[in-house]
Each structure stands twice: as C-alpha cells, then as structure tokens.
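Contents: one structure, followed by commentary.
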Amino acid sequence: MKILVISPTPSHPRDAGNRQRIYALLTALKDFGHSVHFAFIQRETVDAGQIAAMDAAWDGLTLIAHDRAAEIRPVDGVQGLDDWFLDQSAAAFEALARQDFDVVIVAYVFFSRALTFFGPETIRIIDTHDVFTDRHLRLARLGLPSGFFSTTAAEEGRGLDRADLVLAIQDEEAQALQGLTTSPVITLGHLPNLAASGPQTTAPGAPPAIGYLGSANPINVRALARFCDALAPATFAEGRARLVIGGGAAVALRTAPDGTERQGAVADLARFYAGLDLCVNPHEGGTGLKIKTVEGLSHGVPMIGTAEAFVGLDAQAAFHHAGSAAEVAGLVDRYIADPPFRRTVAAASAAVAAGYAVTVRRQQAVFRSAASLRRSLVRPRILVLTDIAFWQESLGNHARIVEQLRAASAVVDIDVLAFRSMTEADATAVRRILGARGRCFSFKDYPGAAAREPAWLEASARLAGYERNAFSRQYFAALEEHLATHHYQGFLVHYIRLSYLRHAKGLPALSMIDLHDVMALRMANFAHFGVDHFIRIEARAELDILDGFQLILAIQAREQAYLHRLFPGRVLYAPHVLPEPKPARPGPGPLRVVFVGGDSPMNRDGVTWFLNQVWPVVARHGAEFHLAGDICNTVEQPQPGVVLHGRLADLPGFLHSASVAVNPVFYGGGLKIKTVEYLCSGLPAVLTVEAAFGLPGGAGEAYLLATRREEFCAHLDRLLRDAALRQRVGEAAFAFGRRHFAPRALRPCLDTIATLAAAAV
Amino acid sequence: MESATPDLRRVDLKAAMAEGEALIDAALAAHHTERLRAELAPMVAAAGPAAQDLAEGLIAAIGALSARVALLQQAATNVQASRAALIAIDPLPFIPEDRTPLPVQPPPRYALAADAPDFNGTGFYGPETNGRESWRWVRPDSASTILLPSLGGGRLLLRVGLMLPFGHTFDTAVARMRVNSMDVEMAPVIPPGNRGLFEATIELPEDEGLGTFVLMLESTSFTVPDAVPNSETRALGLGLQTVVLEKLVAGPALALRP
Chain A
14 MKILVISPTP SHPRDAGNRQ RIYALLTALK DFGHSVHFAF IQRETVDAGQ IAAMDAAWDG
74 LTLIAHDRAA EIRPVDGVQG LDDWFLDQSA AAFEALARQD FDVVIVAYVF FSRALTFFGP
134 ETIRIIDTHD VFTDRHLRLA RLGLPSGFFS TTAAEEGRGL DRADLVLAIQ DEEAQALQGL
194 TTSPVITLGH LPNLAASGPQ TTAPGAPPAI GYLGSANPIN VRALARFCDA LAPATFAEGR
254 ARLVIGGGAA VALRTAPDGT ERQGAVADLA RFYAGLDLCV NPHEGGTGLK IKTVEGLSHG
314 VPMIGTAEAF VGLDAQAAFH HAGSAAEVAG LVDRYIADPP FRRTVAAASA AVAAGYAVTV
374 RRQQAVFRSA ASLRRSLVRP RILVLTDIAF WQESLGNHAR IVEQLRAASA VVDIDVLAFR
434 SMTEADATAV RRILGARGRC FSFKDYPGAA AREPAWLEAS ARLAGYERNA FSRQYFAALE
494 EHLATHHYQG FLVHYIRLSY LRHAKGLPAL SMIDLHDVMA LRMANFAHFG VDHFIRIEAR
554 AELDILDGFQ LILAIQAREQ AYLHRLFPGR VLYAPHVLPE PKPARPGPGP LRVVFVGGDS
614 PMNRDGVTWF LNQVWPVVAR HGAEFHLAGD ICNTVEQPQP GVVLHGRLAD LPGFLHSASV
674 AVNPVFYGGG LKIKTVEYLC SGLPAVLTVE AAFGLPGGAG EAYLLATRRE EFCAHLDRLL
734 RDAALRQRVG EAAFAFGRRH FAPRALRPCL DTIATLAAAA V
Chain B
2 MESATPDLRR VDLKAAMAEG EALIDAALAA HHTERLRAEL APMVAAAGPA AQDLAEGLIA
62 AIGALSARVA LLQQAATNVQ ASRAALIAID PLPFIPEDRT PLPVQPPPRY ALAADAPDFN
122 GTGFYGPETN GRESWRWVRP DSASTILLPS LGGGRLLLRV GLMLPFGHTF DTAVARMRVN
182 SMDVEMAPVI PPGNRGLFEA TIELPEDEGL GTFVLMLEST SFTVPDAVPN SETRALGLGL
242 QTVVLEKLVA GPALALRP
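Protein chains in written order, with the numbering used here: chain A, 14 to 774; chain B, 2 to 259.
Below, the structure is given as structure tokens:
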C-alpha cells in the first residue's frame with residue numbers, strides 16, 4: 014500500500030514518547046512492505062540533521078510550515094477542534110491528496126481536518142495518541158496547567174467522525190473514544206523499535222540501582238517529586254541503593270534523596286537502562302499509554318509502578334497497580350530489602366513485556382494488507398435481548414452484562430432490545446455502555462405489539478414445555494416488529510427465560526445464549542440442602558432449549574466443561590469480568606473482615622452459619638465483621654464487633670478498606686460474583702467450596718479453601734494473626750483476579766463471536 | 002517482614018483441622034469460663050484476695066471441663082442428629098465434591114476430522130466419506146468458518162488437510178485462510194497436488210485454557226467441467242479433511258533479563 018502519515022510530531026529524534034510512537038508506527042508500516050510517505054507539520058522545531066534523517070528513513074518526506082503564533086488561543090483552557098489547523102497549510106494537503114495514497118493517517122485529532130482533503134477512495138485514519146476531552150480539567154485536578162490541547166466531547170467527536178478508522182493507543186481509551194464517535198475504533202498499542210538491549214551493567218551483589226527516565230513535563234515532575242518525598246532517605250544516603258534519574262525530569266525536580274544521580278538528557282537509552290536493576294514509573298493522572306513504562310519493560314528492566322503507569326499493558330501483579338506515587342516508594346523500599354521480592358518483580362515484568370509485545374504485533378497485523386484494513390472498517394451488528402435492567406448497575410448480573418457489552422463493543426456493534434420500560438435516562442445509560450455506534454430499544458417502542466393476536470408460534474409445536482410457560486406474546490410480537498426493519502449478523506439472549514425469542518422470524522443464523530447459570534444444576538444444588546429454587550426447569554428441557562442455539566456462553570469453568578460434554582464445539586467460555594480495580598489497602602484500626610451480599614436464601618443461610626459457628630471462635634483478635642448489601646436486613650441483633658452497612662453506594666471503596674473477606678455460602682448457583690470481586694480487589698479470602706465453585710483453580714494460593722468448619726476457623730484465624738500471610742494471599746488473589754477476570758479474559762470469546770458474525774456480513 | 006507461615010500450596014489439611022479444632026475448643030472453654038465467672042462474681046468479690054486467686058483457678062479449670070463435657074454431649078448428639086441439624090453446625094462437608102474448584106489444563110494437541118461430532122462450522126456442506134476418509138466441501142461464495150479451541154493460546158502449530166474437487170490442483174489463488182480476522186500464510190508441508198497438507202504457526206492471545214478462535218477458509222468454487230460425465234451438480238469449494246492444532250513452547254518475545 015501507499016501510505017501517507019501526517020504528524021505535528023517529528024519521527025526524529027526519538028527523544029519523547031510521542032516521537033517514539035510515530036517512529037514505531039512508520040517502521041511497522043514499512044516492515045509490512047508498504048511505501049510510507051511522512052508529512053511533518055513543523056509545529057515542533059528540529060534541526061537540519063534530523064530532517065535529513067527523516068528524509069532518509071521514509072520513502073518520501075513533505076515539510077509543512079507551521080506558525081504557532083497563528084494558532085487560535087484557548088478560551089478557559091478549551092480549544093476548538095481546528096484551532097491549531099492553519100488555513101495556509103491547505104495547499105500542501107491538497108497537493109498531497111493528488112498523490113493517490115491508499116491510506117492516510119493523521120496523528121492527533123486536532124489535525125483531523127487534514128483528512129477532509131482526501132476522498133473516500135483513500136482509507137482515512139486518525140492515530141489519536143490521547144483523549145483530549147476535558148483534558149484541562151483532569152490536569153487541573155492534579156494542580157497542573159493544561160499546557161497542551163484540550164477540547165470538548167462534541168468537538169473531539171466531530172474530529173473523530175472525519176475518519177474511517179480511529180486508532181486508540183490502549184483499550185481503555187478505545188472505550189472512551191467509542192463514546193465520542195461513530196467511526197470504528199480499534200486499539201493499536203506501542204512497541205518501541207529498539208536497538209538490541211545492552212547487557213545489564215550493574216554488578217551482582219552491589220546496591221540495586223533504581224531508575225526513572227522522563228521529560229520535564231509537569232505531570233512527570235509532580236509524580237516524581239511525590240515519589241521521592243515518600244522514599245526512606247536513609248536508604249540512599251547510607252548507600253543501600255542508588256537512585257538514578259534521567260531526562261528533563263532530573264533537571265526540573267527540586268528535591269531528591271541525598272546521593273541521587275541526576276543524568277539529564279539521555280542520548281543512549283540502551284546504556285541508561287542497562288545500568289538499572291529496577292525502573293519505576295510513579296505516574297499519577299493523565300491519560301494515554303505510558304511510553305516510558307513500555308520503554309523500560311522493552312529494555313528488559315524490571316518495573317514497579319502505579320496502576321495508571323501500567324494501564325493498557327494487561328499487568329497482573331499488585332506492584333504494577335500501586336495506588337499512588339507514595340505507594341510506589343513503599344514498594345521500592347520492599348524491593349531493596351527483600352531479594353525474593355526482586356525476583357518476583359523481575360518475572361512479572363518480563364511476563365508483561367512479552368505479553369504486550371505479542372498483543373501489539375497482533376494489533377499491527379491489521380495493516381498487513383489493504384484487504385485486512387478494509388475488513389476492520391466493516392463491523393457486524395449483534396442484537397442483545399434481555400429483560401434485565403443492567404444499566405442500573407446494582408446487582409451481580411447487571412455487572413456481568415455491562416462488562417460483557419463494554420468489552421464486546423470493541424469488536425462488534427451492538428443493539429439492545431430491552432423487555433423493560435425505559436426512561437430517556439435509562440437509554441442514555443445504555444448508550445454510554447455501548448458507545449456511539451450502539452443503539453438501544455425498548456419493547457415499548459412497539460406499542461402495536463400489545464394488541465396483537467396470538468402469535469404464529471403459539472399454535473406451533475416448536476413452543477413447548479418451559480418455553481410455552483415463559484412465553485410473552487407482547488415481547489415476541491415486539492421483537493418480530495423490530496426485526497422487520499433491523500438486520501443483524503447475530504443475536505444473544507440473556508437468560509433462558511427468554512429463550513423462546515429464538516423462534517422469531519427475521520433473526521440471523523448466529524444464535525447465542527448467555528446462561529449466567531445452568532438452571533438444572535443450580536436447582537439440584539439447592540435441593541441438596543432442602544431449598545426450593547424460584548425457577549423450575551427439568552434438566553432435559555433445559556438441554557433441549559440450549560440445543561436450539563448455535564453457541565452457548567458459559568460463565569465459569571465447571572459449567573463450560575459440563576456443557577462441552579453435551580454440546581461439543583458449541584460452548585464459549587465467557588467469564589465474568591471486572592474493570593481495573595484498586596488493590597485493597599486497609600487503613601489503621603481494627604482488622605475488617607467483610608462479606609457483601611444481597612438478601613438471598615444462600616446468603617442468609619451462609620451468613621447465619623458464619624455468625625453462629627465461626628465468628629465467635631475467631632472474634633477474639635479484636636477484628637470486626639462488616640456486612641454490606643441487603644443481607645444486613647436479615648441480621649436482627651448483631652453481635653459485638655459485627656457492623657452492618659446496608660446497601661452500598663461505593664462497593665469498591667468498601668472492599669478497598671477491608672483486611673480479609675469471607676464467603677460462607679454452602680449452596681448456590683454458577684459463579685459467585687462476590688468471590689470474583691474479592692479476588693480482583695486483592696483481598697485475602699476464606700471461601701467455602703461452594704463459594705469457589707467454578708474458579709479455575711487457585712485454592713491455597715489466591716484464597717484459602719475450607720471444607721469443614723474447623724478449616725474455616727483455622728484459615729480465618731491465621732489470616733487475622735499473620736500480616737505477612739494476608740499480604741501474600743492478597744497479592745496472589747489480585748494477580749489471579751487480573752489473570753482470570755480482567756476484561757481481556759473475555760477477548761477469545763468476543764473475537765470468536767465477532768469473526769463468526771463478520772463472516773455473515 | 003518475612004512470614005514464617007508455610008507454603009500455602011502445601012497446606013497440611015490435618016494440621017489445619019487440628020488447629021481449627023483447638024480454636025473451637027479454646028473458644029468454647031472461654032465461653033463456659035466467662036459464664037461461670039459471671040455467675041460467681043458476687044461470691045468471688047466478697048472473698049479475700051487469696052480466695053479470689055483460688056476461685057479464679059477453679060473457675061478456669063471447671064470452665065475447661067464444662068466445655069469438654071459440652072463437646073462430648075454434642076458429639077453424642079451428632080451421632081443421632083438429623084442431617085438438617087448437622088448442616089446447621091457444619092454444612093461444609095455436605096457440599097458435593099464436584100463443586101471443588103479445579104485448575105484448567107488444556108490439552109497440548111487437538112485434532113478435528115471433518116465428520117467429528119464437535120465440528121462446529123458454517124458455510125460447509127455436510128460431511129461425506131468414501132469409507133476411508135471424510136471431508137466437507139465449502140459451499141460456493143461463502144466464507145466458511147470453523148470454531149476451534151485455543152489450547153490456552155500463545156503459539157500454536159496449525160495444520161489443515163485440504164482437497165480440491167473435480168481433479169483441480171492447488172495454486173496460490175485458490176485458498177485463503179484467516180485466524181479470527183487475521184490473514185494466515187499457510188505453507189504446504191508436502192508439495193500439494195489435488196490434496197494438500199498446509200501448516201502455519203499462529204499466535205493467539207494467552208488464555209487459561211478455555212478460549213476459542215475461528216479458522217476461516219475462503220476459496221474459489223468449481224463446477225464439474227461440461228465434458229466430464231459426473232453426477233455432481235453442486236458448485237464446490239475447498240474440501241476440508243482435518244484440522245490439527247499443537248501447542249508450541251513459547252519463546253520469549255523480547256530479550257529479557259533473568
């Protein structure tokens with residue numbers, strides 16, 4: 014392909030993150046064998062030598078003069094979309110447009126007007142680098158001036174809509190950008206184009222060298238200062254470790270521990286990183302992918318950093334999710350004092366680097382050919398059928414659907430037809446989840462359906478047993494009316510109680526059902542403990558219904574295995590996923606044992622047993638037992654040390670301040686969402702076998718499993734007595750949670766659905 | 002601070018049980034002792050200091066004995082207790098064993114024949130056989146898909162056995178394959194004629210062993226030449242015979258420090 018890349022950032026020299034990004038993108042395109050022409054809008058000054066280097070590196074170079082003084086100034090920190098695009102540049106773009114490029118890529122949305130010079134025969138792409146909506150407000154919250162571009166959501170969306178395809182630098186930003194534009198958005202991460210990494214030059218046994226490399230930008234300097242302020246100064250003054258700071262940040266930083274080595278500008282990155290044992294990124298605030306994190310990892314240096322520094326990298330370890338710069342300092346102290354921890358950090362960092370490299374190579378493959386690029390522009394549309402008010406986001410099944418739809422909207426377009434009355438606020442909430450390409454309908458949008466005659470299906474033998482009992486004439490008629498004017502490549506039914514909708518005329522061949530639970534297994538488990546279940550369906554009837562779907566989505570490993578035996582080759586594993594949580598950080602005061610749950614029979618019975626048979630045994634440590642959720646309504650006279658919170662507005666905050674979690678349920682359904690929440694929050698937990706049902710392993714490492722009352726007591730007692738054990742199990746829980754229940758765990762399932770649906774386009 | 006606790010992956014369940022039983026014994030003894038102490042408090046308060054010490058010792062001893070008796074009573078009761086009563090004390094042993102969490106271990110290899118029951122594909126005609134081997138023809142003008150397990154993702158060797166109808170032979174224009182939406186360049190394992198075994202190394206996102214992916218086949222379709230007498234009236238694309246996946250040991254993607 015003949016590709017034009019337009020950028021206000023030069024590709025040479027590669028001394029800043031955005032310059033590295035441009036260079037890596039152009040190099041990747043050339044590696045695919047494409048002809049790459051670089052148009053540099055000279056908003057940044059580079060010397061003649063660097064211009065010559067750009068000219069030599071690419072197949073063509075166009076310099077577009079730019080006068081910053083002619084840019085329109087911001088009003089109250091907010092720019093208009095095209096404020097930096099100068100009319101005097103138009104002739105240059107018109108000339109470029111005459112050169113018949115197959116693809117044009119513009120770096121940054123604020124130069125998206127350049128795309129308007131190219132016709133539809135050219136694939137027009139924006140490489141966003143960052144999200145600029147209200148950027149000035151985000152920085153203001155950190156006490157920092159904007160210093161760069163910031164605009165409104167409407168303006169940014171208008172710019173993105175100019176593209177046929179939008180590139181986000183990481184998944185979270187892709188999700189944010191999907192909310193702004195109807196152009197398809199895909200993620201293209203950043204893999205630095207490195208010269209070979211040099212061998213490590215630090216001596217074995219010498220005090221570890223801790224390094225940071227960053228420019229003097231205010232976000233960097235602020236985070237670095239907060240990191241340095243929180244370090245134990247004696248560690249460096251006494252020579253137990255060295256602190257090495259490179260780049261403009263070394264000059265801009267006011268105070269640092271005694272003995273800090275400030276290197277200023279770093280000409281040889283490989284040499285700088287080869288001299289480090291550990292790299293830190295205490296980044297706080299801001300957006301985008303943290304190029305310096307990728308850079309350090311790509312040079313093979315173990316890293317510790319904040320969650321924001323590792324965003325988009327699929328990191329799993331707690332030390333890659335520090336809550337603040339000060340917390341990074343605490344982890345560095347631990348790294349210096351604890352050699353086994355150093356090995357753990359090194360192994361986890363290497364795994365992040367390797368995994369990310371594979372991910373980016375796969376993302377880059379879309380540019381391999383014009384055909385694959387054009388395929389990415391056409392997205393299949395899936396219809397989701399549900400009667401669950403998931404947009405309220407207050408129950409476990411709400412969370413499952415919300416996260417599933419959020420993740421799915423990255424690869425397919427989604428329409429929701431909800432069998433609920435919906436207010437405009439409800440519809441807005443749904444669209445926020447689905448992104449700007451998603452659409453939301455209520456069965457109430459089809460009022461004629463209410464007055465319908467009996468549906469053709471009611472006279473059919475296809476409607477039998479459970480489905481006949483569950484059948485709603487109004488729902489079915491509304492769906493058929495909807496399908497008369499809407500066309501899809503696949504549909505997904507949430508919950509078996511709506512399975513009869515699969516018979517509607519006009520549905521596509523790709524039929525899917527998300528079970529949430531295998532009802533027959535759930536009923537049997539309830540019956541085992543003498544409890545009636547509110548949904549009654551025979552196993553045979555349930556399996557007959559499932560057999561009517563091309564694909565069955567199973568929420569957990571055991572159910573996946575069970576269903577796979579019955580429906581080989583037709584079961585997709587769709588785990589419950591949670592977005593990036595903060596690892597728990599209990600504060601001072603009594604240890605807090607927590608349980609979160611609704612007022613369900615299994616929670617009631619589990620908590621009653623725990624309060625009667627376990628808590629009196631372990632309460633002696635002065636710990637408190639905190640209950641949250643509607644389960645609190647069932648505890649009439651709490652014992653001393655038992656605290657009831659009721660329904661929570663801030664569940665993550667509640668879990669964040671907990672010391673230990675318990676889940677004492679002994680019967681129930683598929684996957685216990687609260688168990689997943691505990692794990693993802695990095696809470697050390699004691700679980701019954703039922704509470705851990707469906708987890709893919711992890712017992713004795715990521716949580717403590719109890720098979721008898723005595724074990725439950727002993728495990729909980731041990732966790733309450735032993736802070737180091739709490740830390741170890743909590744960190745393992747966090748990593749287990751990220752590995753199994755981060756949004757990326759859904760990707761194989763969603764990629765499968767997207768590919769099958771795309772084949773039907 | 003380093004923990005002195007054992008490696009949790011090798012937790013001694015017997016020791017944990019003993020520890021738990023001791024905890025329950027201690028809690029019960031404390032409960033009985035407290036109750037006794039509360040009952041005797043007025044008498045003990047009225048006694049002299051020496052008698053108070055003696056009383057405290059006796060209360061602790063009697064409390065422990067009382068707890069022991071209660072435990073024995075409970076054990077005796079348990080022998081005859083109903084299932085419901087036992088569940089009220091400790092329901093955990095009643096949880097069915099098949100609820101135990103198990104790590105997922107994907108197989109290192111997966112083979113799919115065209116007539117296998119777990120063949121989940123679209124855009125194919127039904128399976129056909131000549132008694133020795135089976136195949137499925139790709140329908141004309143369709144992108145055919147096959148759902149396959151990812152074996153945990155990472156690097157996999159993909160081998161696909163294909164054939165062409167009506168005596169046609171393979172050339173590069175006939176068949177294209179994609180893994181999910183990515184083009185895959187398939188190399189012939191042996192020089193292909195009318196049949197071919199093709200392979201490629203593919204790289205999938207790592208998963209925990211339950212993932213899936215889609216293999217897509219695109220091909221031109223053929224009809225029987227007019228001059229050749231043949232009962233086949235269908236337009237046919239590629240004939241798929243087998244798909245084999247093997248997990249490859251992953252090498253580091255980057256030069257990483259130990």
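Using N, Cα and C, we set each Cβ at its ideal position, and we do this for glycine too. This structure is a prediction, so every number in the text was calculated from the model and none was measured.
### Task
For the segment 744-758 of chain A and the segment 591-602 of chain A, state whether three or more C-beta atom pairs, one from each stretch, are separated by less than 8 Å.
yes
### Query
Roughly how far, in whole angstroms, is the beta-carbon of isoleucine 317 (chain A) from the beta-carbon of threonine 248 (chain A), given that I think they are within contact range, below 8 Å?
Not confirmed; about 15 Å, so no contact.
### Meets three-Cβ-pair contact criterion under 8 Å: the segment 421-435 of chain A and the segment 446-460 of chain A
yes
### Query
Between the C-alpha atoms of phenylalanine 542 (chain A) and glutamate 637 (chain A), what's the straight-line distance to the nearest angstrom?
29 Å
### Message
Give me the chain A residues within the contact set of valine 144 (chain B), using Cβ-Cβ distance strictly less than 7 Å, ordered along the chain.
### Response
According to the sequence displayed, residue 144 (chain B) carries alanine and not valine. Under the 7 Å cutoff, chain A gives Ala772.
### Message
Counting only Cβ-Cβ distances shorter than 9 Å, please list the residues of the segment 80-103 of chain B near chain A, keeping chain order.
### Response
Arg84, Ala85, Ile88, Ala89, Ile90, Asp91, Pro92, Leu93, Pro94, Phe95, Ile96, Pro97, Glu98, Asp99, Arg100, Thr101, Pro102, Leu103
### Query
Does serine 182 (chain B) come within less than 8 Å of chain A when only Cβ atoms are used?
yes
### Task
For leucine 113 (chain B), write down the residues that DSSP places opposite it in a beta bridge.
The partner list for leucine 113 (chain B) (beta bridge, DSSP) reads B:Val244.
### Query
If you measure from the beta carbon of threonine 701 (chain A) to each beta carbon in chain B, is any gap under 8 Å?
Threonine 701 (chain A) belongs to the set of residues whose beta carbon lies under 8 Å from a beta carbon in chain B.
### Task
Anything in chain B within Cβ reach of glutamate 723 (chain A), meaning under 7 Å, just list it in chain order.
Near glutamate 723 (chain A) (Cβ distances below 7 Å), the residues of chain B are Met18, Gly21, Glu22, Ile25.
### Message
Could you give the first and the last residue of the continuous alpha helix (DSSP H) run that contains phenylalanine 754 (chain A)?
### Response
736-754
### Query
Helix, strand or coil for arginine 598 (chain A) per DSSP?
coil
### Query
Can you list, in chain order, the stretches of the alpha helix (DSSP H) that have 4 or more residues and sit fully within the segment 72-142 of chain B?
Along the segment 72-142 of chain B, the alpha helix (DSSP H) occurs as fully enclosed runs of 4 or more residues at 84-90, listed in sequence order.
### Task
Return the residues of the segment 212-228 of chain B that lie within a Cβ-Cβ distance of less than 8 Å from chain A, sorted by chain order.
Listed by position along the chain: Gly212, Thr213, Phe214, Val215, Met217.
### Message
Quick check on the burial criterion: 16 or more other C-beta atoms within 10 angstroms. Buried or exposed for phenylalanine 53 (chain A)?
### Response
buried
### Task
Report yes if the C-beta distance between leucine 38 (chain A) and tryptophan 71 (chain A) is below 8 Å; otherwise report no.
no
### Task
Use the C-beta contact count for glycine 30 (chain A): other C-beta atoms within 10 angstroms, 16 or more gives buried, fewer gives exposed.
buried
### Query
If we ignore side chains and look at the alpha-carbon of each, how far apart do alanine 442 (chain A) and glutamate 406 (chain A) end up?
10 Å
#### Entry: Residues that alanine 378 (chain A) contacts on chain B, provided the C-beta gap is smaller than 7 Å
Neighbours of alanine 378 (chain A) on chain B, chain order: Met183.
#### Entry: Proximal chain A residues relative to serine 135 (chain B), where beta-carbon distance stays under 9 Å
Within chain A, no residue comes near serine 135 (chain B); the closest Cβ sits about 16 Å away, beyond 9 Å.
### Query
For the candidate residues A:Val341, A:Ile526, A:Arg535, A:Gly192, whose alpha-carbon lies nearest to that of isoleucine 550 (chain A)?
A:Arg535
### Task
Assign aspartate 54 (chain B) to one of two classes, buried (16 or more other C-beta atoms within 10 Å of its C-beta) or exposed (fewer than that).
exposed
### Cβ of threonine 243 (chain B) within 8 Å of any chain A Cβ
no
### Message
Just verifying my parser: in three-state terms, what is the DSSP assignment at arginine 253 (chain A)?
### Response
coil
### Beta-carbon spacing of glycine 240 (chain B), leucine 198 (chain B) below 8 Å
Contact check for glycine 240 (chain B) against leucine 198 (chain B) fails: the beta carbons are separated by 8 Å or more.
### Reduced DSSP secondary structure (H/G/I, E/B, other) of lysine 15 (chain A)
It is a strand residue.
### Boundaries (first-last residue) of the beta strand (DSSP E) holding proline 295 (chain A)
Careful: proline 295 (chain A) lies outside any beta strand (DSSP E) and carries neither H nor E.
### Which listed residue (B:Pro107, B:Leu148, B:Pro94, B:Ile90) has its alpha carbon closest to that of alanine 114 (chain B)
B:Leu148
### Query
For the beta strand (DSSP E) that contains tyrosine 225 (chain A), what are its first and last residues?
222-226
### Query
Where does leucine 150 (chain A) land, buried or exposed, given buried means 16+ other C-beta within 10 angstroms?
With fewer than 16 other Cβ atoms within 10 Å, it is exposed.
### Task
Have a look at A:Gly695, A:Ala438, A:Leu505 and flag the residue whose alpha-carbon is nearest the alpha-carbon of alanine 770 (chain A).
A:Leu505
### Secondary structure, beta strand (DSSP E): runs of 3+ residues fully inside the segment 650-730 of chain A
655-657, 673-676, 698-701, 717-719
### Task
Note down the Cα distance separating methionine 2 (chain B) from leucine 640 (chain A), rounded to an integer number of angstroms.
Low confidence applies to methionine 2 (chain B): its pLDDT is 36, below 50, so where it sits in the model is not reliable, and the reading given next is rough at best. If you take the alpha carbons of methionine 2 (chain B) and leucine 640 (chain A), they lie about 30 Å apart.
### Bridge-paired residues (DSSP) for phenylalanine 53 (chain A)
Beta-bridge pairing links phenylalanine 53 (chain A) to A:Ser20, A:Leu76.
### Message
I need the DSSP call for arginine 583 (chain A), collapsed to helix, strand or coil.
### Response
coil
### Query
Between cysteine 726 (chain A) and chain B, is there a C-beta pair that is closer than 8 Å?
yes
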